[in-house]
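For the sequence shown, our numbering gives the first residue as 2, with consecutive numbering after it.
In what follows, a structure is listed as structure tokens, so that the remarks can point back to it.
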Amino acid sequence: MKLIIRGGVGLDNVDSAYCKEKGIIVKNTPEASSVAVAELAFAMMIAVPNRLIEAHNSMKEGKWLKKELKRTELMGKTLGVIGCGRIGAEVAKRALAFGMKVIGYDPVVTKSEYIQLQPSLDAMLPQCDYISMHTPANDQTKGMINKNTIAKMKKGVVFINTGRGKCIVEQDVVDALTSGQMACYATDVWFSDPPPPDSPLLKAPNMLMAPHIGASSNENLLRIGKQVDQIIGEFVKGK
């Protein structure tokens with residue numbers, strides 16, 4: 002084996018150290034999925050304050066909750082982006098179009114056209130009405146959203162995670178949802194795919210869940226295929 006291509010952003014399921022030892026080239030397609038993942042994250046951000054899931058379910062149950070289902074507008078709210086690379090920037094562009102203030106933190110990104118970068122995560126968290134997470138899972142990010150960081154967030158924050166499930170401590174998020182510190186946790190990513198039946202998140206209140214479909218748009222699958230074809234072509238040519 003000489004080449005491994007992972008069609009997507011992360012390399013979580015590839016033993017990169019082993020591949021390096023054996024001289025196996027490892028590639029992925031990071032540019033392809035940015036729009037698809039960003040659109041899902043923003044769809045979640047729209048669905049939660051507009052209470053679309055509750056509205057839909059109540060109608061299916063024959064209930065007419067016109068007076069009870071009060072909505073909240075995104076305009077004027079502050080979005081905090083954790084991980085300000087390609088996907089984070091795409092989310093920020095959409096948030097700005099909705100009249101939101103967009104701030105963010107990324108230890109690597111030092112300049113952003115769309116995001117007002119903050120000096121630290123601790124400086125960003127208390128300002129946010131919404132937080133959208135777009136970080137890989139590594140030694141620095143695993144478990145970074147825990148009881149300590151959650152305590153620094155604004156009470157009633159909406160947290161969207163389309164990054165990696167291993168970046169949160171699940172029980173700490175459940176506790177925050179139960180106490181009201183976190184108004185909603187919307188996630189497309191899990192500690193393991195699929196989550197085990199006894200995952201505390203599956204039975205937690207105020208959840209919006211998806212089965213890791215962020216990259217699964219028809220358009221994105223075509224983009225991934227084109228990038229894979231390009232990578233193979235360059236490999237064959239020795240580039």
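Beta carbons are placed, not taken as given, at the ideal position from N, Cα and C, and that holds for glycine.
Everything numeric in this text was worked out from a predicted model, so none of it was measured.
Taking the beta strand (DSSP E) that residue 105 falls in, what are its first and last residues?
-> Sequence index remark: in the sequence shown, residue 105 carries index 104 (1-based). Residues 102 to 106.
What do you get for residue 194, buried or exposed, if any count of 16 or more other CB atoms within 10 angstroms of its CB means buried?
-> Here the question's residue 194 lines up with position 193 in the sequence shown. Around the beta carbon of residue 194, fewer than 16 other beta carbons sit within 10 angstroms, so the residue counts as exposed.
Report the option in 178, 50, 67 whose CA atom is closest to the CA atom of residue 73.
-> Stepping through the sequence shown from its first residue, residue 73 is reached at position 72. Closest by alpha carbon: 50.
Between the segment 58 to 74 and the segment 204 to 221, do three or more beta carbon pairs fall short of 8 Å?
-> no
Kindly indicate which three-state DSSP category residue 27 falls into: helix, strand or coil?
-> If you number the sequence shown from 1, residue 27 lands on position 26. Residue 27: strand per DSSP, three-state reduction.
Inter-stretch contact at 8 Å, needing at least 3 Cβ pairs: the segment 150 to 162 / the segment 100 to 117 = no
For residue 52, which residues from the same chain have a beta carbon less than 7 Å from its beta carbon, with the 5 sequence-adjacent residues on both sides left out?
-> Walking along the sequence shown from the start, residue 52 turns up at place 51. 70, 72, listed in sequence order.
Beta-carbon proximity of residue 151 to residue 169, cut-off 7 Å | As a position in the sequence shown, residue 151 is number 150, starting the count at 1. As a position in the sequence shown, residue 169 is number 168, starting the count at 1. Not in contact: residue 151 and residue 169 (Cβ atoms no closer than 7 Å).
In terms of alpha-carbon separation, which member of 108, 137, 179, 201 lies closest to residue 1?
-> Nothing about residue 1 can be read from this structure; the chain reaches only from 2 to 240.
Any idea what DSSP makes of residue 139, helix, strand or coil?
-> Mapped onto the sequence shown, residue 139 falls at position 138. Coil, per DSSP.
Length of the line joining the Cα atoms of residue 119 and residue 129 | As a first step, residue 119 is located in the sequence shown; it is residue number 118 there, counting from the start. As a first step, residue 129 is located in the sequence shown; it is residue number 128 there, counting from the start. Taking the straight line joining both Cα atoms gives about 12 Å.
So is residue 250 buried or exposed if we call it buried at 16+ other beta carbons inside 10 Å?
-> Coverage of the chain is limited to positions 2 through 240, which leaves residue 250 absent and any answer about it impossible.
Minimum length 3: unbroken beta strand (DSSP E) runs contained in the segment 25 to 110 | 26 to 29, 79 to 83, 102 to 106
First and last residue of the beta strand (DSSP E) that includes residue 187?
-> The count along the sequence shown starts at 1 and reaches residue 187 at position 186. Element bounds for residue 187: 183 to 188.
With residue 7 as the anchor, note down where its beta strand (DSSP E) starts and where it stops.
-> Numbered from its first residue, the sequence shown carries residue 7 at position 6. Per DSSP, residue 7 belongs to the beta strand (DSSP E) from 4 to 7.
C-alpha gap between residue 201 and residue 231, whole angstroms = Position 200 of the sequence shown, counted from the first residue, corresponds to residue 201. Position 230 of the sequence shown, counted from the first residue, corresponds to residue 231. Approximately 42 Å between the Cα atoms of the pair.
Keeping to the same chain, check which residues put their C-beta closer than 6 Å to that of residue 31; ignore five residues upstream and five downstream.
-> For the purposes of this step, residue 31 is taken as the residue at position 30 of the sequence shown. Around residue 31: 10.
How would you call residue 228, buried or exposed, if buried means at least 16 neighbouring beta carbons within 10 angstroms?
-> Counting from one through the sequence shown, the residue named residue 228 turns up at place 227. Classification of residue 228: buried, given that the 10 Å Cβ count is 16 or more.
Quick one, are the C-beta atoms of residue 39 and residue 91 less than 7 Å apart?
-> In the sequence shown, the residue the question calls residue 39 occupies position 38. In the sequence shown, the residue the question calls residue 91 occupies position 90. Contact: yes.
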